[in-house]
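A.B. asks:
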Amino acid sequence: MEFSHIYGLYPGSEEGWQVYSTASDPDGRCVCTVVAPAQNLCKRDPRSRQLRVLTEQVQNVSQSLEVVDLRTSRDLQYVRESEPLLRGVDGRLLSYVDNPRMLTPKNLKKHLKKTAPLLSVVDQYRVDVQSLGALRAELRNLTLLLASIQDQVGAYDYEELQQRVLLLESRLHGCMNKLGCGRLTAVSSPITVRASGSRFGSWMTDAMIPSSDSRVWSMDGYYKGRRVMEFRTMADFTKGQNFVQHLLPQPWAGTGHVVYNGSLYYNKHQSNILVQYHFRSRTVVLQRSLSGAGYNNTFPYSWGGSSDIDLMADEMGLWAVYTSIPNAGNILVSRLDPVTLEVMQSWDTGFPKRSAGEAFMICGTLYVTNSHLAGAKVHFAYHTNTSAYEYTDIPFHNQYSHISMMDYNPRERALFTWNNGHQVLYNVTLFHDGRQGPHVGQTYGGFVDRTCPSKWVVWAASIRLTASSRYIFIHLWVNSVSITFGEPSTRAGPCSFSRTRTVG
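Quick note on UniProt numbering: the sequence shown kicks off at 1 and runs consecutively.
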C-alpha cells in the first residue's frame, strides 16, 4: 500500500517558516522535501559574518569621519574669526619692515602671543590629515572585500534574484496545497507566541486556502465582546505593534470565531444567530439563525464560557459545531455555505458536548479533546466522509492548564489555542494512506529568509525515503535552490532513487 506522512510545521519563537512533507505518487515515486530556514542560519553563513564585520567597519569609518568633520568645522570657524587678528598682525609687521627701529622684542612677543592659539589648530590639522590617510586605506580594503563577496554571491542582481525567490515561494505554496489530507496522529509540543489578554479569548489567521493574507486577529474574552484587534503580521502580533481596531456592531458570545476569506464569522450574544463581518468594508454583510442550536451556556464545552456554538474551517470549508435539545446534547457537525450561512449537511456524532474540552476540524474529521485542563488529550474523532467515529489517544501538553479556544488552521497546518491568557501554537502530524486527497506528483521546495541582512540567502533541503527504511540523505543548498526529483530504480526497492537532478 502506498503511504506518506504529511507534517505541517509552524515557526517557533526562534525559527523561520518551516515546511516538512513526504509523499508517494501513483507511479511509486517518493517525493520528499524539507524547507526549514532558521533565522540563525544567516548568522552561521560565512558571507553573513563578513557582512557583519564590514558593517561594523563602515560604522567605525563613518563615526571617525563625523568626528573629523565636526572638528574641522569648529577649527575653520575659529580661523575665520581669527582673520581680522591676522590681518592686524600682518599690517603691523609690514610697518616694521619700513621702520625696523619700531620692532622691539616686547612688541614681537606681544604679536606672537596673539597668534599662538592658531598653532594648536595647525597641529590638529596635521593629525586629521594622517587620520584621513588611514581612513582612505580602510575604505580601500572595504571596497575589495565587498567586491569579493559580490563575486561569491554570483551573477544575479538583487531584483532578478528577488523575482526568482517570489516564483519559488509561489511554487512552494502551490505544492503545500497539493499535499492532500490525512488523519491526525500526533500533536507537537506547544509554542507560546505571546502572553496577552484575559484568561479566555481567541486568535486566528485567515483559514482560506489559498490566501496571501498575513494578518492576525485577536478577540479577548467570551462575553459581550465587540473589540477585534487586527495585526498586520504574526511578528507584529508577537510584539503587540502595528494594529488596527474593529468595533463590531453586534457583540459576540463564546470563543468559537473564525476568519475565512476576509470575513469574521461569529455567534451573536444571547442568540443562535451567526454573523458575518467583512473586515475591509467594516460592515455586517450577513446574519442567519442556526436552527435549533443551543446558546447562552445551554450546551457549552466543559469549561463553559457561552461556548455553545463553535465555528471553524478546514480544507473542506466552513463548519459549525454545536448541539440541540432534540439531539440530547450530542455534538452536531454542520457544513455551512460561507456565502449564505445555510446548513449544507449535518452529522450527529453521538459525543456529549458537555464532556468535550474543545473540538477542531481537520480534513473533514472532527477531533474532540476530553478536557480543557492539564492532562487533556485528543480523545474522539468523527469522520464526516464515512459517518463513522473512533476513540483516539493523542496526548498534547496543556502548558497553561486552561484552554478556552482550539482551532486548526489549514493554511498554517497548525492548531491555534488560547490557553489561560497565552496564545499558543501546536504543529500537527497527519498520516496519509494514499486514498485521501489528491495525489502528489512533483514537490518543489524553496524559501527566502527575509530576516537575513544579506537578503539573498535562499536554501532548501531534499531528503530520500524508502518504504522500509529511515531517511537516507539530505541536500542543503545555500544561495541557490535545490529542487530534487526522484525516480524509482529498476534495481532498488520501492521509493528508492536512481538519480536526482537540481533545478534553479
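Glycine is no exception: its CB is placed at the ideal position from the N, C-alpha and C atoms.
Where does glutamate 160 land, buried or exposed, given buried means 16+ other C-beta within 10 angstroms?
C.D. replies: Taking the sequence shown and counting its residues from 1, one reaches residue 160 at position 160. Classification for glutamate 160: exposed.
A.B. asks: Kindly confirm or deny that the region 186-194 and the region 244-256 touch, where touching means at least three C-beta pairs closer than 8 Å.
C.D. replies: No: fewer than three Cβ pairs fall under 8 Å.
A.B. asks: What's the C-alpha gap between proline 251 and leucine 274?
C.D. replies: Translated into positions along the sequence shown, residue 251 becomes position 251. Translated into positions along the sequence shown, residue 274 becomes position 274. Looking at the two C-alpha atoms, the distance is approximately 11 Å.
A.B. asks: Does lysine 353 pass the burial test, meaning 16 or more other C-beta atoms within 10 Å, or should it be called exposed?
C.D. replies: Position 353 of the sequence shown, counting from 1, holds the residue named residue 353. When all chains shown are included, lysine 353 counts as buried.
A.B. asks: Pop quiz: histidine 372 and serine 291 are said to be a contact at Cβ under 8 Å. What is the actual Cβ separation, rounded to whole angstroms?
C.D. replies: The residue labelled residue 372 in the question sits at position 372 within the sequence shown. The residue labelled residue 291 in the question sits at position 291 within the sequence shown. Not quite, the Cβ-Cβ distance comes to about 28 Å (not below 8 Å), so this is no contact.
A.B. asks: Using 10 angstroms around the beta-carbon of valine 129, count the other beta-carbons present and answer buried if the total reaches 16, otherwise exposed.
C.D. replies: Taking the first residue of the sequence shown as 1, we reach residue 129 at position 129. By the neighbour-count rule (16 or more Cβ atoms within 10 Å), valine 129 is not buried but exposed.
A.B. asks: On the three-state DSSP scale, how would you describe proline 300?
C.D. replies: Locating residue 300 in the sequence shown gives position 300, where the first residue counts as 1. Coil at proline 300, not helix or strand.
A.B. asks: List the DSSP bridge partners of glutamate 230.
C.D. replies: Along the sequence shown, read from residue 1 onward, the residue named residue 230 stands at position 230. Per DSSP, Trp217 and Val244.
A.B. asks: Can you look up proline 251 in the DSSP assignment and give me helix, strand or coil?
C.D. replies: Position 251 of the sequence shown, counted from the start, is the residue given in the question as residue 251. Correct three-state label for proline 251: strand.
A.B. asks: To which residues of the same chain is isoleucine 309 closer than 7 Å at the C-beta, ignoring the five residues directly before and after it?
C.D. replies: Residue 309 sits at position 309 when you count from the first residue of the sequence shown. Around isoleucine 309: Gly254, Gly256, Asn267, Asn272, Leu290, Ala293, Tyr295, Ala320 and Tyr322.
A.B. asks: Closest to alanine 356 by C-alpha separation, out of Cys181, Asn330 and Pro100, would be which residue?
C.D. replies: One-based indexing of the sequence shown puts residue 356 at position 356. The residue with the shortest Cα to Cα distance from alanine 356 is Asn330.
A.B. asks: Thinking C-alpha only, which one of Pro300, Val259 and Leu286 is nearest serine 211?
C.D. replies: Stepping through the sequence shown from its first residue, residue 211 is reached at position 211. When only C-alpha atoms are compared, the closest one is Val259.
A.B. asks: Do you know offhand how far arginine 80's Cα is from arginine 87's?
C.D. replies: Your numbering for residue 80 matches position 80 in the sequence shown. Your numbering for residue 87 matches position 87 in the sequence shown. Each residue's alpha carbon lies about 11 Å from the other.
A.B. asks: According to DSSP, glutamine 423 sits in a beta bridge with which residue or residues?
C.D. replies: Within the sequence shown, numbered from 1, the residue matching residue 423 stands at position 423. DSSP, once it has assigned bridges, lists Arg194 and Trp418 as partnering glutamine 423.
A.B. asks: DSSP has histidine 278 in a bridge; who is on the other side?
C.D. replies: Taking the sequence shown and counting its residues from 1, the one referred to as residue 278 is at position 278. In the DSSP output, where bridge partners are listed per residue, histidine 278 has Ser263 and Thr283.
A.B. asks: Check this for me: beta carbons of valine 366 and threonine 349, under 8 Å apart or not?
C.D. replies: For the purposes of this step, residue 366 is identified with residue 366 of the sequence shown, where counting begins at 1. For the purposes of this step, residue 349 is identified with residue 349 of the sequence shown, where counting begins at 1. A small fix is needed here, since residue 366 is leucine in this sequence, not valine. Yes. Within cutoff.
A.B. asks: Tell me which same chain residues have a C-beta within less than 6 Å of the C-beta of aspartate 206, skipping the five on either side of it?
C.D. replies: By 1-based counting over the sequence shown, the position of residue 206 is 206. Correct list, in chain order: Asp213 and Val259.
A.B. asks: If you draw a straight line from the alpha carbon of methionine 344 to that of proline 338, how long is it in whole angstroms?
C.D. replies: As a position in the sequence shown, residue 344 is number 344, starting the count at 1. As a position in the sequence shown, residue 338 is number 338, starting the count at 1. Looking at the two C-alpha atoms, the distance is approximately 10 Å.
A.B. asks: In three-state DSSP terms, what is valine 339?
C.D. replies: Position 339 of the sequence shown, counting from 1, holds the residue named residue 339. Three-state result, valine 339: coil.
A.B. asks: Can you check which of these residues, Glu358, Ser281, Leu135 and Tyr277, is closest to glycine 305 by C-alpha distance?
C.D. replies: In the sequence shown, the residue the question calls residue 305 occupies position 305. The residue with the shortest Cα to Cα distance from glycine 305 is Glu358.
A.B. asks: Taking 8 Å as the cut-off, decide whether the C-beta atoms of isoleucine 362 and lysine 377 are in contact.
C.D. replies: On the sequence shown, residue 362 is found 362 positions in, with the first residue counted as 1. On the sequence shown, residue 377 is found 377 positions in, with the first residue counted as 1. Not closer than 8 Å, so no.
A.B. asks: Tell me, please, which residues DSSP counts as bridged to asparagine 409.
C.D. replies: For the purposes of this step, residue 409 is taken as residue 409 along the sequence shown, with counting starting at 1. Its beta-bridge partners are Ala414.
A.B. asks: Check whether the region 417-432 touches the region 223-236, counting contact only when three or more Cβ pairs, one atom from each stretch, lie closer than 8 Å.
C.D. replies: Too few Cβ pairs lie closer than 8 Å, so no.
A.B. asks: By how many angstroms is the C-alpha of glutamate 315 removed from the C-alpha of arginine 435?
C.D. replies: As a first step, residue 435 is located in the sequence shown; it is residue number 435 there, counting from the start. As a first step, residue 315 is located in the sequence shown; it is residue number 315 there, counting from the start. Here the model assigns arginine 435 a pLDDT of 44, short of 50, so the residue's position is not dependable, and the following value carries that caveat. Straight-line Cα distance between these residues: approximately 16 Å.
A.B. asks: Any heavy atom of the ligand ADP closer than 7 Å to the CB of tyrosine 301?
C.D. replies: The model depicted lacks the ligand ADP and carries no ligand whatsoever.
A.B. asks: Note down the Cα distance separating valine 127 from isoleucine 149, rounded to an integer number of angstroms.
C.D. replies: Taking the sequence shown and counting its residues from 1, one reaches residue 127 at position 127. Taking the sequence shown and counting its residues from 1, one reaches residue 149 at position 149. Using only the alpha carbons, I get a separation of about 33 Å.
A.B. asks: In this structure, how does DSSP classify serine 306 when only helix, strand and coil are distinguished?
C.D. replies: As a first step, residue 306 is located in the sequence shown; it is residue number 306 there, counting from the start. Three-state DSSP puts serine 306 in coil, outside helix and strand.
A.B. asks: Give the straight-line distance between the Cα atoms of residue 506 and alanine 381, rounded to the nearest whole angstrom.
C.D. replies: Look at the range of the chain in this structure, 1 to 504, and you will see that residue 506 is not part of it.
A.B. asks: Can you look up isoleucine 149 in the DSSP assignment and give me helix, strand or coil?
C.D. replies: If you number the sequence shown from 1, residue 149 lands on position 149. It is helical.
A.B. asks: Taking only three categories from DSSP, how would you classify glycine 91?
C.D. replies: Within the sequence shown, residue 91 is the residue found at index 91, counting from 1. The answer is helix: DSSP assigns glycine 91 an H, G or I state.
A.B. asks: Within 10 angstroms of its Cβ, does glutamate 66 collect 16 or more other Cβ (buried), or is it exposed?
C.D. replies: Start at 1 with the first residue of the sequence shown, and residue 66 comes out as number 66. Its Cβ having fewer than 16 others within 10 Å, glutamate 66 is exposed.
A.B. asks: Alpha carbon to alpha carbon, what distance is there between arginine 288 and valine 216?
C.D. replies: The residue given as residue 216 occupies position 216 in the sequence shown. The residue given as residue 288 occupies position 288 in the sequence shown. Their Cα atoms are separated by approximately 26 Å.
A.B. asks: To the nearest angstrom, how far is it from the Cα of leucine 70 to the Cα of glutamine 77?
C.D. replies: Sequence index remark: in the sequence shown, residue 70 carries index 70 (1-based). Sequence index remark: in the sequence shown, residue 77 carries index 77 (1-based). So the two alpha carbons sit approximately 11 Å from each other.
A.B. asks: Would you list the residues sitting across from arginine 288 in a DSSP beta bridge?
C.D. replies: As a working mapping, residue 288 is identified with position 288 in the sequence shown. Leu274.
A.B. asks: Apart from the five residues just before and just after leucine 146, which ones in its own chain have a Cβ nearer than 6 Å to its Cβ?
C.D. replies: Looking up residue 146 in the sequence shown gives position 146. Within the same chain, leucine 146 has no close Cβ partners at all.
A.B. asks: Quick one, which of Phe351, Ser263, Ser307 and Ser324 has its alpha-carbon nearest alanine 313's?
C.D. replies: Walking along the sequence shown from the start, residue 313 turns up at place 313. If we check each option's Cα against that of alanine 313, Ser263 comes out closest.
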